[in-house]
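The block underneath contains the structure these notes are about, expressed in structure tokens.
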Ligand SMILES: [Zn+2]
Ligand SMILES: [Zn+2]
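Numbering (the numbering used here), first residue to last: 474 to 651.
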């Protein structure tokens, strides 16, 4: 894990570029990952860090290829990911009070650092998590698996006779009919 001490950041700021292999990220992923995914390539990060009083500004870019599972056909597929970000880190003790946080927008996410250390690997991984689609699809028009015979409909159609329901209502309608 890549950690930077506050003292190591000069007044004029710092630019860093690093690469982390999947193996070195695994322990961290176990704690944080909300869905199943894996890294296909190392995680590449580039950041610019600057101190401003007690705060730390970080902007940068993360890039990797993930392996995700399609929610429709259950196939694993490669998902190239590249995203830029900008964060303001607060020292833990000076976190805005709960009241202040509630007044802010829900999207406002606060980031902290503790003990004069910035955990750059964590920050980079978090940016990746934020970019993982909630419902990953191998392709936008993935036809999924047949609900009757289980065949991958992307490969070929099957013979099953299905009643068409507007997507999203299928489960509900089936329940009512049963
Ligand atoms: Zn699919
Ligand atoms: Zn079928």
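No residue lacks a Cβ here, since even glycine has one placed at the ideal position from N, Cα and C.
If you check the C-beta of residue 616 against ligand 2, you find no heavy atom less than 6 Å away.
For the pair residue 600 and residue 558, the CB atoms are nearer than the 7 Å cut-off. Restricted to the stretch 512 to 548, the beta strand (DSSP E) segments that are unbroken, complete and at least 3 residues in length are 516 to 525, 528 to 542, listed in chain order. DSSP places residue 596 in the uninterrupted alpha helix (DSSP H) bounded by 593 to 604. Secondary structure of residue 479 (DSSP, three-state): helix. Where residue 584 is concerned, the enclosing beta strand (DSSP E) starts and stops at 584 to 586. The beta carbons of residue 595 and residue 478 sit no closer together than 7 Å. Closer than 6 Å to some heavy atom of ligand 1: that does not describe the Cβ of residue 624. Setting aside the 5 residues that flank it on each side, residue 626 is surrounded in the same chain by 616, 617, 618, 619, each with a C-beta closer than 7 Å to its C-beta; the list follows chain order. Using a Cβ-Cβ distance cut-off of 8 Å, the stretch 479 to 498 and the stretch 510 to 526 are in contact, since at least three pairs of beta carbons, one from each stretch, lie closer than that value.
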